[in-house]
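In our numbering, the protein residues as written are 46 to 224.
Inspection log for the structure reproduced underneath, given as structure tokens.
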């Protein structure tokens, strides 16, 4: 059998090797986790940007569509008003009844334009809320993966000291048996 000093040194050496190996493995695991976190964050950023771009594009489309609807409604209104004025002129009608009809037409057009404006406002508010929710989703996606945590040198030192003490215990135990 080997002498107590050799066994103590071998025991301590194996313990140190195990502590260093564990430290290195923990370091690699932390690096892998950090790489996974960075990839997740990059993916979340890409998804967020895409969602924001899509929502922004939809806002512009809604505003353009509303402008076109408003223009068309105005054209219809102008034609209807001109038609009423022409009919009144051709028949020789005048007075309060014609003014009342024109006033009704004006009021109907104002209400129609106001409803259309309100609908656009609601749509834009919904899209803005979706943009804000997209930001919350981005944060959740990023927070769903933790960054890697590098191993502590303190733990490595404790492992090395523990290995040294185990080697010393092995030495003393074998020395006591050999007496």
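Even glycine gets a Cβ: it sits at the ideal position worked out from N, Cα and C.
Distance between residue j and residue i (C-alpha atoms, nearest Å)
| i | j | result |
| --- | --- | --- |
| residue 59 | residue 79 | 30 Å |
| residue 213 | residue 219 | 10 Å |
| residue 145 | residue 132 | 15 Å |
| residue 97 | residue 166 | 19 Å |
| residue 48 | residue 209 | 17 Å |
| residue 124 | residue 143 | 16 Å |
| residue 85 | residue 185 | 11 Å |
| residue 154 | residue 148 | 10 Å |
| residue 175 | residue 190 | 24 Å |
| residue 138 | residue 99 | 55 Å |
| residue 187 | residue 207 | 39 Å |
| residue 83 | residue 95 | 18 Å |
| residue 177 | residue 102 | 15 Å |
| residue 134 | residue 140 | 11 Å |
| residue 204 | residue 87 | 37 Å |
| residue 222 | residue 50 | 13 Å |
| residue 161 | residue 110 | 11 Å |
| residue 70 | residue 164 | 60 Å |
| residue 201 | residue 74 | 15 Å |
Beta-carbon proximity check, residue i vs residue j, cutoff 8 Å
| i | j | result |
| --- | --- | --- |
| residue 169 | residue 107 | yes |
| residue 150 | residue 114 | no |
| residue 195 | residue 72 | yes |
| residue 215 | residue 53 | yes |
Expected contact under 8 Å - CB spacing of residue i and residue j to nearest Å
| i | j | result |
| --- | --- | --- |
| residue 118 | residue 157 | 6 Å |
| residue 211 | residue 62 | Not a contact, Cβ separation roughly 12 Å. |
| residue 93 | residue 179 | 6 Å |
| residue 76 | residue 199 | That belief does not hold up - the Cβ atoms of residue 76 and residue 199 are roughly 19 Å apart, past 8 Å. |
| residue 104 | residue 172 | 5 Å |
Legend entry - Complete beta strand (DSSP E) runs within the stretch 97-172 (minimum length 3 residues, chain order): The qualifying runs do not exist here; there are none.
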